[in-house]
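Numbering (this note's numbering), first residue to last: 124 to 736. We treat Cβ as the ideally placed atom computed from N, Cα and C, and that holds for glycine. Computed from a predicted model, the values in this text were never measured in an experiment.
Have a look at this one:
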């Protein structure tokens, strides 16, 4: 009898594609980034690589995404940040992120998909800053001012300077380009020292005419620089420089003082400096004989221990006294001194290594500042649960900044067997000038006082001292909570042995070996299923027997699970699979309800605890 074959046509309801959410973003230069996510619409037959192609307006946190047959439906996030450039652009201006697909799966290779459309708010504004805009000069004196742009121009910006014959400004033309726009350009202004007797004060201006095709700058109006010129063809005092630069503990500077005309009697000029400066002389004396000769004042920065702004300013004033009424109480401009500070904020820790013992020896280290703060500074100590301190913070003021303060260190006497272990004491600083100071850690070596079969490595593993085996603290499926709480959370998972058949679970051996393929756990890459002899060494019978063979059970009344519950927290009262084979299709297990060995089918679902050497 011949039976016809029935052909069945199956219509697939899966189609290749990609889901992007959202497809539009709004960003602002200098503002927080935003995110979008990507996932595939269907399971690919091979890996799909999505290249993230962005333009110069934005940056992304990853160049490509990889989707596999296992993670294809899990959204992957891309973080997008607007590039904070200096160029003036439209608000908003726009950017596009494209996605290029590469895969051996022909449905996904070179797949076309939506772009991410991005609108960006610009934070750059046009502007020209002139500083300062007001000077008073005596004929023959020179001063400087600067001109700078607020944002990058798209074409050259030329500024032409004009003034009358009372002053000389150089250069006459300043040009800013796309390359040099960030650099302030100086204009040197000199009061023309003529021989004419003029009004005591003549006011004049330097005007600035803008010449550019740059649309954002073209219509800007520039401020004038106002200059008052004092005539020197009459009684007066000439100071060579009104701005100086010095450095604490280093560079000095000097300026000269002289009279402009012969006095009728002695002229005494008192040099009055503030607390930031010292000078080589307190006063200058000009007579009818030496009035033409310039006298030099040497200026030195006071090398104090205080942390100050860099640079900070000092001021020198001059008080003129004379019987000559033309010179008596003659008003002079102050000399402003720019001072480079040599005091850097820092914290000195010593020693930076300590040895302590649980229930025994303690340690001590000292903390002090390396420079005087402008206000109170607080040093906070950050510790883990391995040590205790006699204080959690230190306070330093302007008066006690250089006095070492002691910190007492004591080991926490816990019940965990750890052997010689380590702790790190970290420090943070707050207070003006100290916010970003890097402070050394103190490394503490701790001697343990516990005596146990196991050493807790505090990394999710424990070492059996008698067998030298390293065990997972948690059953597979559970998660180690970290050194802070050092426990196991979540639910343990059961596994079958998958040999030549279909499993409902992951293969038990694979549950351990997959840790190695993923880069290892706790620095080890040789995790495996234990043998029944190895797993039996973990059995703990609280009611005996102390030394238990594979066949015997724990005595009645033994605590369950029959394992050290401190070392292996939240362990399961259940059957744990081993790598040992039995006859037929059976493998060995250890039952941590009664603490004995037995055998079960490979298809049975049992718990797993991984072991390593």
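Item: Backbone CA spacing between residue 362 and residue 557 [nearest angstrom]; Value: 39 Å
Item: For residue 312 and residue 752, the rounded distance between their alpha carbons; Value: Residue 752 falls outside the range modelled here, since the chain spans only 124 to 736, and no answer is possible.
Item: 9 Å Cβ cutoff met for residue 174 and residue 217; Value: no
Item: Local conformation of residue 240 per DSSP, three classes; Value: strand
Item: Buried or exposed (CB count within 10 angstroms, at least 16 for buried), residue 527; Value: exposed
Item: Counted within 10 angstroms of its Cβ, other Cβ atoms place residue 674 as buried (16 or more) or exposed; Value: exposed
Item: DSSP beta-bridge partners of residue 254; Value: 269
Item: Residue 150 beta carbon less than 9 Å from that of residue 244; Value: yes
Item: Between the CA atoms of residue 302 and residue 346 - distance to the nearest angstrom; Value: 24 Å
Item: Selection from 208, 685 and 226 that minimises the alpha carbon distance to residue 192; Value: 226
Item: Own chain residues within Cβ distance below 6 Å of residue 140, not counting five before or after; Value: 164
Item: C-alpha gap between residue 672 and residue 473, whole angstroms; Value: 55 Å
Item: Alpha-carbon to alpha-carbon, residue 712 and residue 680; Value: 22 Å
Item: Residue 337 vs residue 475 beta-carbon contact at 9 Å; Value: no
Item: Cβ contact check for the stretch 509–525 and the stretch 607–622: 3 or more pairs under 8 Å; Value: no
Item: Cβ separation of residue 633 and residue 611, assumed to be a contact under 8 Å, to the nearest whole Å; Value: Wrong, their Cβ atoms sit about 21 Å apart, outside the cutoff.
Item: Nonlocal neighbours in the same chain, by C-beta distance under 7 Å from residue 316, ignoring five residues either side; Value: 262, 263 and 355
Item: Burial state of residue 138 (16 or more Cβ within 10 Å); Value: exposed
Item: Cα-Cα separation between residue 320 and residue 413, rounded to whole angstroms; Value: Its pLDDT being 48, under 50, residue 320 is placed unreliably by the model, and nothing is read from it.
Item: Where residue 391 sits in the DSSP three-state scheme; Value: strand
Item: Closest residue to residue 442 among 451, 434, 705 and 435 (Cα-Cα distance); Value: 451
Item: Distance between residue 512 and residue 730 (C-alpha atoms, nearest Å); Value: 43 Å
Item: Segment limits, beta strand (DSSP E) that includes residue 187; Value: 187–190
Item: Buried or exposed by the 16-neighbour rule on C-beta atoms within 10 Å, applied to residue 734; Value: buried
Item: Under 9 Å between C-beta atoms of residue 478 and residue 490; Value: no
Item: Cut-off 6 Å between Cβ atoms - residues of its own chain near residue 326, not counting five sequence neighbours on either side; Value: 351
Item: First and last residue of the uninterrupted alpha helix (DSSP H) at residue 638; Value: 631–640
Item: Whole-angstrom distance between residue 208 and residue 503, CA atom to CA atom; Value: 38 Å
Item: Environment of residue 130 [buried if 16+ CB atoms lie within 10 Å]; Value: exposed
Item: Counterpart residues of residue 611 in DSSP-defined beta bridges; Value: 603
Item: Inter-residue Cα distance where the pair is residue 389 and residue 365; Value: 24 Å
Item: Close Cβ partners of residue 278 (< 8 Å) along its chain, the five nearest in sequence each way excluded; Value: 301, 335, 336 and 337
Item: Contacting residues, own chain, Cβ-Cβ under 7 Å from residue 498 (five flanking each side not counted); Value: 554 and 555
Item: Residue(s) in a DSSP beta bridge with residue 351; Value: 259 and 326
Item: Which of helix, strand or coil DSSP assigns to residue 657; Value: helix
Item: DSSP-derived helix/strand/coil call for residue 461; Value: strand
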